[in-house]
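Following: one structure in structure tokens, then a few remarks.
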Amino acid sequence: EEAIDYVGLMIKNLKDKRTVLEKDIEEESVDIKNLKEKLEKVSQYIEEENRGIKELAHKRQQVENEADEVGLLINNLRDRLSGIDRIIDNEGNRIKKIKESREPLES
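Adding 150 to a residue's 1-based position in the sequence shown gives its number in the numbering used here.
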């Protein structure tokens, strides 16, 4: 009878251990599922950030291109103004020469 009681106690202990293991496994499963959900959210966040960074890089490139175009326009205008200045200087010199050439005639 002691042997039967001992075997019964062993069976009860095994059932208790199995119950504890099942509970532990269930808790681990829940923890893993929660971790998986969090990691998926982090992954989505990273993807969104990468898309945002790519969009910003594209916009920055557009701004740089526009700035380059503005720089070219400024240089072209500067060249044109220089040309106008030269024309004005040349015309001023011609007028001076004409005045100088007429002065002896008037005296």
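Quick reminder that beta carbons are idealized off the backbone N, C-alpha and C, glycines included.
Computed from a predicted structure; not experimentally measured.
Cβ-based neighbour list, residue i, same chain, cut-off 8 Å, excluding 5 preceding and 5 following
{"i": "TYR195", "result": "none"}
Closer than 7 Å: residue i CB and nearest the ligand PLP heavy atom
{"i": "GLY242", "result": "You won't find the ligand PLP in this model; it holds no ligand whatsoever."}
Own chain partners of residue i with C-beta closer than 6 Å, once the 5 adjacent residues on each side are dropped
{"i": "ARG201", "result": "none"}
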